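Participant: Just so you know, the sequences run in chain order A and B. Residue 55 in our numbering is what sits at position 55 of the first sequence, and the numbering runs on without skipping anything. Residue 1094 in our numbering is what sits at position 94 of the second sequence, and the numbering runs on without skipping anything. Each residue gets a CB set at the ideal place from its N, CA and C atoms; glycine is no exception. These numbers were taken from a predicted model, which means no experiment stands behind them. Next up is a structure, given as structure tokens.
There are 2 protein chains.
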Amino acid sequence: MRIGELSERSGVAIPTIKYYVREGLVPTGLRTKANQVDYGETHLRRLRLVRALLEVGELSVATASRVVAVLDDPDESALRSMGKAAYALAGGFPAAVPAGADGTAGASAPDVDPASVTRVDDLLDRHGWTVGPNNPARAQLAAAVAAAEALGLGDALELLDRYAEAAYSVAEVDVELALSPATLDESTERMLVWTVVGDRAMSALRRLAHEAVAVKRM
Amino acid sequence: MRIGELSERSGVAIPTIKYYVREGLVPTGLRTKANQVDYGETHLRRLRLVRALLEVGELSVATASRVVAVLDDPDESALRSMGKAAYALAGGFPAAVPAGADGTAGASAPDVDPASVTRVDDLLDRHGWTVGPNNPARAQLAAAVAAAEALGLGDALELLDRYAEAAYSVAEVDVELALSPATLDESTERMLVWTVVGDRAMSALRRLAHEAVAVKRM
Chain A
1 MRIGELSERS GVAIPTIKYY VREGLVPTGL RTKANQVDYG ETHLRRLRLV
51 RALLEVGELS VATASRVVAV LDDPDESALR SMGKAAYALA GGFPAAVPAG
101 ADGTAGASAP DVDPASVTRV DDLLDRHGWT VGPNNPARAQ LAAAVAAAEA
151 LGLGDALELL DRYAEAAYSV AEVDVELALS PATLDESTER MLVWTVVGDR
201 AMSALRRLAH EAVAVKRM
Chain B
1001 MRIGELSERS GVAIPTIKYY VREGLVPTGL RTKANQVDYG ETHLRRLRLV
1051 RALLEVGELS VATASRVVAV LDDPDESALR SMGKAAYALA GGFPAAVPAG
1101 ADGTAGASAP DVDPASVTRV DDLLDRHGWT VGPNNPARAQ LAAAVAAAEA
1151 LGLGDALELL DRYAEAAYSV AEVDVELALS PATLDESTER MLVWTVVGDR
1201 AMSALRRLAH EAVAVKRM
């Protein structure tokens, strides 16, 4: 299809598509004649993913670039590819890069409080979760733990076991959903899109549930 | 205490405290002499709340002002005050204001898709949640539903029942936590802080759980 049709079907303006191509977020089209470039379903799918990452996930263009780079260099295992993409996705969070296994501090997280990191490790152990030392969500959780302590909400941390059970329960269906399509590319894309959209949905549902629980107690 | 001690105990720089006071986020101190203003524990607590809203919750100063305005004009019921504060908190989300009961579109959400709103209503009914029509999280969830549809992830919406159960499970302990202190002010503040910090924790735990679930399947 020509860029005009790609724009219409994706809902993304032509100059924006050209910008995404220049930034490496969307692959270049196939030049069929001197003045004609063709785009296919792959481009349409990639545009949807990029919109989800930038608009729903509010990632920076730099982080989104790292995420799509994983898609362009997939692992032979679907789960491994998905894992790499998930790690890249978290690059946009503050305090996203945890201390390395070699003891060096992560680039964006020089001040992750060691007591909070220990608290996260203990939680993962208690629930029997096997999670790599470099999963950026470790540092993200440690930052939330440290924030709760600093804000005088240390007792809230006792709720984290319930949170972990709830998170595991949704992660099980998330992984099923991601693995349902036939191709590896699609699996990874679905996982990425649903990771960011599902975060939004969970946040909204938690706030709705706060009201539903409060109403019951009135 | 003097502003210097307040700064030290809160970890917030003096010019920043003065800025918060000017913006109405923190109440003015008590002028005890011509050149001396005194601050108390109330100011310290309020500073922690403001930091949580701005830094962890990434709210705008305008939204944070609306949230603290609720604290300064509390309802006689703790749960109602908490509800008002929670509604104000969501003001910072895109598409936060739902269509009015009179059929007019909400100010910040002229394009919330009616099919997505119906989907949210059905979900709340199915789970027996009583939630006011103006709870801004309704529009937030509808926006996430619409995004999933637009991004080709309509089948992900079947997972929302599991998400709702998980959200209810954490909301129950959240409300307990918020109601544990003796005073209404503190209850509302704890609820606000933990709403934003808990969102971060849940997002991180979900990503950690994705890896734990994937590892089990390898």
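#1: Could you tell me which chain B residues have their CB closer than 8 Å to the CB of A/Y39, listed as they occur along the chain?
#2: Out of B/R1022, B/H1127 and B/A1088, point me to the one whose CA is closest to B/A1064's CA.
#3: For a contact defined as C-beta to C-beta under 7 Å, what are the partners of B/A1137 on chain A?
#4: Give a yes or no on whether 7 Å exceeds the smallest Cβ distance from B/M1218 to chain A.
#5: Just to make sure I have the definition right: I need the residues of chain B whose C-beta is within less than 9 Å of the C-beta of A/L124. Which are they?
#6: Out of B/A1139, B/N1135 and B/D1125, point me to the one whose CA is closest to B/P1114's CA.
#7: Taking the Cβ atom as the reference point for each residue, do A/V197 and B/A1148 lie within a distance shorter than 7 Å?
#8: Classify A/D290: buried if its beta carbon has 16 or more other beta carbons within 10 angstroms, exposed otherwise.
#9: I want to verify the contact list: residues of chain B whose CB lies under 7 Å from the CB of A/T130, in sequence order.
#10: So which of A/A13, A/V67 and A/T16 has the shortest CA-CA distance to A/E189?
#11: Since B/V1170 meets chain A, which of its residues come closer than 8 Å, beta carbon to beta carbon?
#12: Strictly below 9 Å CB to CB, what residues from chain A border B/V1193?
#13: Please go through the same chain and pick out, in chain order, the residues whose beta-carbon is closer than 8 Å to the beta-carbon of B/I1017, but skip the five residues on each side of it.
#14: Do A/A142 and A/S116 have their beta-carbon atoms positioned less than 7 Å apart in this structure?
#15: Is the distance from the Cβ of B/E1159 to the Cβ of A/A137 below 7 Å?
#16: May I ask which residues mark the beginning and end of the beta strand (DSSP E) holding A/A31?
#17: What span of residues does the alpha helix (DSSP H) with A/D72 cover, start to end?
#18: If you drop the 5 nearest sequence neighbours on each side, which residues of the same chain put their C-beta closer than 6 Å to that of B/A1146?
#19: Compare the C-beta of A/R200 against all C-beta atoms of chain B and say whether one is closer than 7 Å.
#20: Between A/T130 and B/A1212, what straight-line distance do the alpha-carbon atoms span, to the nearest angstrom?
#21: Determine, using beta carbons only, whether B/R1009 comes closer than 7 Å to chain A.
#22: Let's see if you can read the secondary structure: which residues bound the beta strand (DSSP E) around B/D1038?
#23: Output yes if chain A places a C-beta closer than 7 Å to the C-beta of B/L1047; else output no.
#24: Going by Cα to Cα distance, which pick from B/G1128, B/A1144, B/H1127 and B/D1121 is closest to B/N1134?
#25: Just the Cα atoms here: how many angstroms apart are A/A78 and A/S187?
#26: So the candidates are B/Q1036, B/D1199 and B/E1023; which of them puts its Cα closest to the Cα of B/V1061?
#27: Could you say which of A/H210, A/R45 and A/D125 lies nearest to B/E1165 if we only look at CA atoms?
#28: Do A/A144 and B/A1201 come within 7 Å of each other at the CB atom, strictly closer than that value?
#29: Mind checking B/S1081: buried by the 16 CB within 10 Å criterion, or exposed?
#30: With a threshold of 7 Å between beta-carbons, can B/V1012 be considered close to chain A, or not?
#31: Classify A/R126 as buried or exposed, calling it buried when 16 or more other Cβ atoms lie within 10 Å of its own Cβ.
#32: Rounding to the nearest angstrom, what Cα-Cα distance links A/V21 and A/P15 in this structure?
#33: Would you please verify whether the beta carbon of A/L79 is less than 7 Å from any beta carbon of chain B?
#34: What is the rounded straight-line gap between the Cα of A/T118 and the Cα of B/L1044?
#35: Quick one: Cα of A/L192 to Cα of B/E1055, how far?
#36: With H, G and I counted as helix, E and B as strand and the rest as coil, what does DSSP make of B/V1021?
Facilitator: Answer, in terms of the structure:
#1: Those within 8 Å of A/Y39 in chain B number zero; the least Cβ separation is about 17 Å.
#2: For B/A1064, the nearest C-alpha among the options comes from B/A1088.
#3: Listed along chain A, the residues sitting closer than 7 Å to B/A1137 by beta-carbon distance are A204, R207 and L208.
#4: It does: the Cβ of B/M1218 has a partner Cβ on chain A nearer than 7 Å.
#5: L1208 and A1212, listed in chain order.
#6: Of B/A1139, B/N1135 and B/D1125, the residue nearest in Cα terms is B/A1139.
#7: Yes, the pair counts as a contact, with Cβ atoms nearer than the cut-off.
#8: Not covered by the structure: residue 290 of chain A. The range shown for chain A is 1 to 218.
#9: Ordered by position in chain B, the residues that pass the 7 Å Cβ test against A/T130 are A1212 and V1215.
#10: Of the candidates A/A13, A/V67 and A/T16, the one whose C-alpha sits nearest the C-alpha of A/E189 is A/V67.
#11: At a C-beta separation below 8 Å, B/V1170 has these neighbours in chain A: L159, R162, Y163, A166, R206 and A209.
#12: Within chain A, the residues A147, A148, L151, G152, L153 and A156 have their CB atoms less than 9 Å from the CB of B/V1193, given in chain order.
#13: Within the same chain, Cβ atoms closer than 8 Å to the Cβ of B/I1017 are found at I1003, L1006, S1007, S1010, V1026 and L1047, the five residues on either side in sequence being excluded.
#14: Against a cut-off of 7 Å, the Cβ pair of A/A142 and A/S116 comes out as a contact.
#15: It is worth fixing the name first, because residue 1159 of chain B is Leu in this sequence and not Glu. Cβ atoms of B/L1159 and A/A137: not closer than 7 Å.
#16: What sits at residue 31 of chain A in the sequence shown is Arg, not Ala. That run of the beta strand (DSSP E) goes L30 to K33.
#17: Bounds of any alpha helix (DSSP H) do not take in A/D72, whose DSSP letter is neither H nor E.
#18: Cβ within range, chain order: D1113 and S1116.
#19: Look at A/R200: its C-beta is under 7 Å from a C-beta on chain B.
#20: So the two alpha carbons sit approximately 5 Å from each other.
#21: Chain A contact via Cβ: absent.
#22: Membership of B/D1038 in the beta strand (DSSP E) is indicated by the continuous run Q1036 to D1038.
#23: For B/L1047, no CB of chain A lies under 7 Å from its own CB, so it is not counted at the interface with that chain.
#24: The shortest C-alpha separation from B/N1134 is found at B/D1121.
#25: Going by the C-alpha atoms only, they are around 7 Å apart.
#26: Taking only the C-alpha atoms, the option nearest B/V1061 is B/E1023.
#27: When only C-alpha atoms are compared, the closest one is A/H210.
#28: Cβ atoms of B/A1201 and A/A144: closer than 7 Å.
#29: Buried, by the Cβ-count rule.
#30: No, B/V1012 does not count as interfacial toward chain A.
#31: Counting the other CB atoms within 10 Å of its CB gives A/R126 a total below 16, which places it among the exposed residues.
#32: Going from the Cα of A/V21 to the Cα of A/P15 covers about 10 Å.
#33: Interface residue, yes.
#34: Those two C-alpha atoms are separated by around 28 Å.
#35: C-alpha separation (whole angstroms): 25 Å.
#36: Here B/V1021 sits in helix by DSSP.
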